[in-house]
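Undergrad:
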Amino acid sequence: MDKGLKQIKSALISVYHKEGLEPLVQELAKHNCQIISTGGTATYIRDLGIEVIDVASLTEYPSILGGRVKTLHPKVFGGILSRRTKADDIHELKKYDIPEIDLVVVDLYPFEETLASGASHQEIIEKIDIGGISLIRAAAKNYQDVLCVSQMQQYKAITAILSKNACTTDLATRKQYAAEAFSVSSHYDTHIFHFMNDGKTEVFRESYTQKSTLRYGENPHQKGFFFGDLSAIFDKLHGKELSYNNLLDVDAAVNLMAEFHDEKPTFAILKHNNACGLAQRNILLEAYKDALAGDPMSAFGGILIANKEIDKDTATEIHKLFCEVVIAPSFSSDALKTLKQKKNRIILIQKITPVTKHQFKTALNGVLYQERDFKTDTLSELKTVTDKKPTSQEIDDLLFASKICKHTKSNTIVLAKNKQLIASGTGQTSRIDALQQAIDKAKHFSFDLNGAVMASDAFFPFPDSVEKAHNAGVTSVIQPGGSIKDQLSIDFCNLHKMSMVFTATRHFKH
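Numbered per the numbering used here, the sequence shown spans residues 702 to 1211.
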């Protein structure tokens, strides 16, 4: 049965990376395939002892403008784009002495790598491939008759296919490679667009080529994938593969801990993207113990993250808890030995903190796109709005609570004391409900709220929240301010000798 089989009799090869190309060229030569090539690629093939025709010989036109124009010629593109079943096309090929080209092998100039290297503007511009991208699009468009190999990662696979099938390809293979070619082209152009566009957001363009298939999505009946290079951020030392939900929690954990990057030993425990425990102490073991004390029930099956190396003593305590993931900048050898005793426990060394400037997600029939919230409340930005000023200890706790609040689902209230998360109310439909949830949780775990501070991600529309907080023992409050009824909350604080500061920055998180 004919599956659109095509014999490769003529190939055009023009690549930047030569690594891994030799077996493919040798396979083509073994089947007496005519090879056409350019510049350095032609020299490389010739040095292998394989006959090659220079593009300049075919076009009778030299490479010009310092190599900017080599393959852009009708004798090249006519041979690629001609439709083998169309009589008029065949007639024109013969009339203008244009050879059919059955295979195009291209590996583009390394634009992304050049951009990442910090090269000059002109060096980056010179790495925008013109001829190569045109060859890819032409060959992919004519996949009915032409096979397009569009990146060096395909050399090995296509060599195996040609070796197995005596240098022939079927239509399904050519169509698959055409789809991959347009993916390469689209990804390449997306990065050029972002470089040239200077951060403007008139249109939405994003492209990720590295794909990981997850066990499933948010639920077992949903398919799930991750697009991106996790190995750039983490070294995975142990455990099962990260799941969709793991990745969401890990993302939340990394972003939260970035707030404490250069500070004293800090440990956080997260569940469903929210911190259920977080503490900062002089040694990591104590930070872990106090983070766990914040909500030992929710910590079960959680994501653990530290801003310092995890040592043996801390690992011994962690090992007593069932947890999905443990993240740290490093682990002592003894700590690893202990933590690896659970075969499924995922252990990650965090190498860098991602610094993507924007966030996006699908919504309705489009995409929501925004700048990432890089704003962290600082001492210099606090405005005391009450008669009583917060003490230095309260200020430390207020800023500590504010960082946690920023990374907790809205509506949220965070209660903290002595650099420890006492409790939080998360994702509630009203601020007063969030506060009640936090108070109830703190009491459930026997925390003394006298002298605690309260952080809110947004303003208080009524004074009922500061009143409830005061009745629970809270002595100081941090919030953005901005309500038309701010004065009511200020008046209550003044009457009851509470301190309150405004930040003028809201930190909603949905």
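Positions of the beta carbon are idealized from the N, C-alpha and C atoms, including for glycine.
List the endpoints of the continuous alpha helix (DSSP H) containing A840.
TA: Mapped onto the sequence shown, residue 840 falls at position 139. Per DSSP, A840 belongs to the alpha helix (DSSP H) from G832 to K842.
Undergrad: Need the endpoints of the beta strand (DSSP E) that M1155 sits in, please.
TA: Sequence index remark: in the sequence shown, residue 1155 carries index 454 (1-based). Unbroken beta strand (DSSP E) run through M1155: V1154 to S1157.
Undergrad: Output the distance between the C-alpha atoms of P724 and I746, rounded to the nearest integer angstrom.
TA: Translated into positions along the sequence shown, residue 724 becomes position 23. Translated into positions along the sequence shown, residue 746 becomes position 45. So the two alpha carbons sit approximately 11 angstroms from each other.
Undergrad: When DSSP labels each residue in this structure, what does I1105 get in the three-state scheme?
TA: Translated into the one-based positions of the sequence shown, residue 1105 becomes position 404. DSSP places I1105 in helix when its eight states are reduced to three.
Undergrad: For Y889, is the classification buried or exposed, using 16 other Cβ atoms within 10 angstroms of its Cβ as the cut-off for buried?
TA: Taking the sequence shown and counting its residues from 1, one reaches residue 889 at position 188. So Y889 ends up on the buried side.
Undergrad: Given this structure, state the Cα-to-Cα distance separating N866 from H962, to the nearest angstrom.
TA: Counted from its first residue, the sequence shown places residue 866 at position 165. Counted from its first residue, the sequence shown places residue 962 at position 261. Rounded to whole angstroms, N866 to H962 spans 56 angstroms at the Cα level.
Undergrad: In whole angstroms, what separates the C-alpha of H973 from that of K1144?
TA: Within the sequence shown, the letter at position 272 stands for residue 973. Within the sequence shown, the letter at position 443 stands for residue 1144. For H973 and K1144, the distance between alpha carbons rounds to 22 angstroms.
Undergrad: Buried or exposed for L1069, please, with buried defined as at least 16 other CB atoms from any protein chain shown within 10 angstroms of its CB.
TA: What you label residue 1069 is simply residue 368 of the sequence shown in a count that begins at 1. Counting Cβ neighbours within 10 Å, L1069 comes out exposed, since fewer than 16 surround it.
Undergrad: Please look up how many angstroms separate the CB atoms of T1039 and A1016, rounded, as I've assumed it's under 8 angstroms.
TA: Position 338 of the sequence shown, counting from 1, holds the residue named residue 1039. Position 315 of the sequence shown, counting from 1, holds the residue named residue 1016. About 4 angstroms separates the two Cβ atoms, so the contact holds.
Undergrad: Note down, in chain order, each residue of its chain lying with its Cβ closer than 6 angstroms to the Cβ of S913, except the 5 sequence neighbours on either side.
TA: Within the sequence shown, numbered from 1, the residue matching residue 913 stands at position 212. Closer than 6 angstroms at Cβ, skipping near neighbours: F927.
Undergrad: I need the straight-line Cα distance from Q1129 to E1095, nearest angstrom please.
TA: The sequence position of residue 1129 within the sequence shown is 428, counting from 1. The sequence position of residue 1095 within the sequence shown is 394, counting from 1. Q1129 and E1095: Cα-Cα distance of roughly 26 angstroms.
Undergrad: My assumption, with CB atoms under 8 angstroms, is that N756 sits in contact with T772. Please give the rounded CB distance.
TA: By one-based count along the sequence shown, residue 756 stands at place 55. By one-based count along the sequence shown, residue 772 stands at place 71. Looking at the sequence provided, one finds Val at residue 756 rather than Asn. Rounded, the Cβ-Cβ distance is 6 angstroms, consistent with contact.
Undergrad: To the nearest angstrom, how far is the alpha carbon of F812 from that of G929?
TA: The residue you call residue 812 lines up with position 111 of the sequence shown. The residue you call residue 929 lines up with position 228 of the sequence shown. The alpha-carbon atoms of F812 and G929 are separated by roughly 18 angstroms.
Undergrad: Going by alpha carbons, who is nearest to L836 out of Q1060, V955, L809 and I826?
TA: As a working note, residue 836 is residue 135 in the sequence shown. Selected option, being the one with the closest Cα: L809.
Undergrad: Just mark Q911 as buried or exposed, buried being the case when its beta carbon has 16 or more other beta carbons within 10 Å.
TA: Sequence index remark: in the sequence shown, residue 911 carries index 210 (1-based). Exposed, by the Cβ-count rule.
Undergrad: For G978, does the count of other Cβ atoms within 10 angstroms reach 16, so buried, or fall short, so exposed?
TA: Locating residue 978 in the sequence shown gives position 277, counting from the first residue. Per the 10 Å Cβ criterion, buried.
Undergrad: Can you say whether Y909 is buried or exposed, counting buried as having 16 or more other CB atoms within 10 angstroms of its CB?
TA: Working through the sequence shown from its first residue, we reach residue 909 at position 208. The residue is exposed, with fewer than 16 neighbouring Cβ atoms inside 10 Å.
Undergrad: DSSP three-state call for N1195: helix, strand or coil?
TA: On the sequence shown, residue 1195 is found 494 positions in, with the first residue counted as 1. Note: N1195 maps to helix in three-state DSSP.
Undergrad: Mind checking whether T870 and I709 have CB atoms under 8 angstroms apart?
TA: Here residue 870 is taken as the residue at index 169 of the sequence shown, counted from 1. Here residue 709 is taken as the residue at index 8 of the sequence shown, counted from 1. In this structure, I709 lies closer than 8 angstroms to T870 by Cβ.
Undergrad: State yes or no: is the C-beta of S1166 within less than 8 angstroms of the C-beta of I1133?
TA: Locating residue 1166 in the sequence shown gives position 465, where the first residue counts as 1. Locating residue 1133 in the sequence shown gives position 432, where the first residue counts as 1. Yes, they are a contact pair.
Undergrad: Any idea what DSSP makes of G1003, helix, strand or coil?
TA: Taking the first residue of the sequence shown as 1, we reach residue 1003 at position 302. Strand.
Undergrad: Would you mind reading off the limits of the beta strand (DSSP E) that contains D963?
TA: On the sequence shown, residue 963 is found 262 positions in, with the first residue counted as 1. From DSSP, D963 is part of no beta strand (DSSP E); its letter is neither H nor E.
Undergrad: Would you grab the beta carbon distance between E1029 and I1011 for me? Rounded to a whole angstrom, and I think it's under 8 angstroms.
TA: Sequence index remark: in the sequence shown, residue 1029 carries index 328 (1-based). Sequence index remark: in the sequence shown, residue 1011 carries index 310 (1-based). A small correction: the amino acid at residue 1029 is Ala; Glu does not occupy that position in the sequence shown. Confirmed, Cβ separation roughly 5 angstroms.
Undergrad: Taking the CB atoms as reference points, tell me whether R1073 and H1059 lie closer together than 8 angstroms.
TA: One-based indexing of the sequence shown puts residue 1073 at position 372. One-based indexing of the sequence shown puts residue 1059 at position 358. Going by C-beta atoms, R1073 is nearer than 8 angstroms to H1059.
Undergrad: I'd like to check one pair, E1018 with K990: are the Cβ atoms closer than 8 angstroms?
TA: Here the question's residue 990 lines up with position 289 in the sequence shown. Here the question's residue 1018 lines up with position 317 in the sequence shown. Yes, they are a contact pair.
Undergrad: Any idea if N1066 is buried or exposed, counting beta-carbon neighbours within 10 angstroms, 16 or more meaning buried?
TA: Working through the sequence shown from its first residue, we reach residue 1066 at position 365. Exposed is the call here.
Undergrad: With H, G and I counted as helix, E and B as strand and the rest as coil, what does DSSP make of F778?
TA: Here residue 778 refers to the residue found at position 77 when the sequence shown is read from its first residue. In this structure, F778 counts as helix in the three-state DSSP scheme.
Undergrad: For Q1060, which residues does DSSP report across the bridge?
TA: Counted from its first residue, the sequence shown places residue 1060 at position 359. Q1071, per the DSSP bridge assignment.
Undergrad: Exposed or buried, what is M897 when buried is set at 16 or more other beta-carbons lying within 10 Å of its beta-carbon?
TA: Here residue 897 refers to the residue found at position 196 when the sequence shown is read from its first residue. It counts as exposed.
Undergrad: Could you say which of Q1121, I1053, F778 and G1183 lies nearest to S932 if we only look at CA atoms?
TA: Along the sequence shown, read from residue 1 onward, the residue named residue 932 stands at position 231. S932 has its Cα closest to that of I1053, out of Q1121, I1053, F778 and G1183.
Undergrad: Give me, in chain order, the residues of the same chain whose beta-carbon lies closer than 7 angstroms to that of H718; leave out the 5 immediate sequence neighbours on both sides.
TA: Looking up residue 718 in the sequence shown gives position 17. Only D808 and M853 meet the Cβ criterion.
Undergrad: What's the C-alpha gap between M702 and I862?
TA: Sequence index remark: in the sequence shown, residue 702 carries index 1 (1-based). Sequence index remark: in the sequence shown, residue 862 carries index 161 (1-based). With a pLDDT of 45 at M702, under the threshold of 50, the predicted position of this residue should be treated as unreliable, though the coordinate-derived value follows. If I take the Cα positions, the gap works out to 19 angstroms.
Undergrad: In three-state DSSP terms, what is M766?
TA: Here residue 766 corresponds to residue number 65 of the sequence shown, with the count starting at 1. According to the sequence provided, residue 766 is Leu. The question's Met does not apply to it. If DSSP states are grouped into helix, strand and coil, L766 belongs with the helices.
Undergrad: Identify, in the order they occur along the chain, each residue of the same chain with its Cβ nearer than 8 angstroms to the Cβ of A1205, setting aside the five sequence neighbours on each side.
TA: Walking along the sequence shown from the start, residue 1205 turns up at place 504. Closer than 8 angstroms at Cβ, skipping near neighbours: E1082, K1084, P1181, G1182 and G1183.
Undergrad: May I have the straight-line CA-CA distance separating K731 from S711, to the nearest angstrom?
TA: Locating residue 731 in the sequence shown gives position 30, where the first residue counts as 1. Locating residue 711 in the sequence shown gives position 10, where the first residue counts as 1. Cα to Cα, the separation comes out at about 13 angstroms.
Undergrad: With distances taken Cα to Cα, identify the nearest neighbour of S1232 among D798, L729, R906 and R785.
TA: Beyond the ends of the chain as shown, which are 702 and 1211, falls residue 1232; an answer cannot be given.
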